[in-house]
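Colleague: Residue numbers (the numbering used here): 67 to 214. The structure is given below, and queries will be raised subsequently.
Structure representation (structure tokens):
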């Protein structure tokens, strides 16, 4: 028996503007809530590559993967059968825009406090909190290196 697992790649994309950090969130359709962007990993593709591809194809963005921000496991039902699902989220920096965001019904950039209020899944809030802490830690490490 072949054990199937669904692998999902998620993104915590940020940009710095006017001294503030903004996070990218999306709605996949008008009836859904706000969430972090996610997509299924294609056969033969890494989860990192999926995150970069989806940011470009659906979000019109050029991004840089900084580090893994967290993992979530669970199960989904496909064709009446339970399948384990693993989602790997990445902290990603916006490097530039290459086109319009066409893969979502709505998208927006908001500061951390506003994003946490808009996200409808506890899982996404938790992952974003981890990504925000990671980003602050990286920024603090860079300023310490500049002091020497």
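We put the CB at the ideal spot given by N, CA and C, even for glycine.
Considering residue 114, what are the terminal residues of the alpha helix (DSSP H) in which it resides?
Modeller: As a first step, residue 114 must be located in the chain shown, where it is residue number 48. Taken as a continuous stretch (DSSP letters only), the alpha helix (DSSP H) holding residue 114 covers 113–123.
Colleague: Comparing alpha-carbon positions, which option in 84, 156, 105 and 87 lies nearest residue 93?
Modeller: Counting from 1 along the chain shown, the entry for residue 93 is found at position 27. It is 105.
Colleague: Return the CA-CA distance between residue 132 and residue 111, expressed in angstroms with no decimal places.
Modeller: For this step, residue 132 is matched to residue 66 along the chain shown. For this step, residue 111 is matched to residue 45 along the chain shown. Going by the C-alpha atoms only, they are around 19 Å apart.
Colleague: Excluding sequence positions up to five away, which residues of its chain have a Cβ less than 7 Å from the Cβ of residue 123?
Modeller: In the chain shown, the residue the question calls residue 123 occupies position 57. Excluding residues within five positions, the ones whose Cβ falls inside 7 Å are 169.
Colleague: Can you tell me which of 150, 164, 171 and 85 puts its alpha carbon nearest to the alpha carbon of residue 91?
Modeller: The count along the chain shown starts at 1 and reaches residue 91 at position 25. When only C-alpha atoms are compared, the closest one is 171.
Colleague: Measure the alpha-carbon distance for residue 208 versus residue 200 and round it to whole angstroms.
Modeller: As a first step, residue 208 must be located in the chain shown, where it is residue number 142. As a first step, residue 200 must be located in the chain shown, where it is residue number 134. Rounded to the nearest angstrom, the two C-alpha atoms are 12 Å apart.
Colleague: Taking only the alpha-carbon atoms, compute the straight-line gap between residue 167 and residue 175 and give it to the nearest angstrom.
Modeller: Residue 167 sits at position 101 when you count from the first residue of the chain shown. Residue 175 sits at position 109 when you count from the first residue of the chain shown. Distance between the alpha carbons of residue 167 and residue 175 is about 12 Å.
Colleague: In chain order, what residues of the same chain have a beta carbon less than 6 Å from the beta carbon of residue 181, not counting five sequence neighbours either side?
Modeller: The sequence position of residue 181 within the chain shown is 115, counting from 1. Closer than 6 Å at the Cβ level, and outside the excluded window around residue 181, lie 89 and 91.
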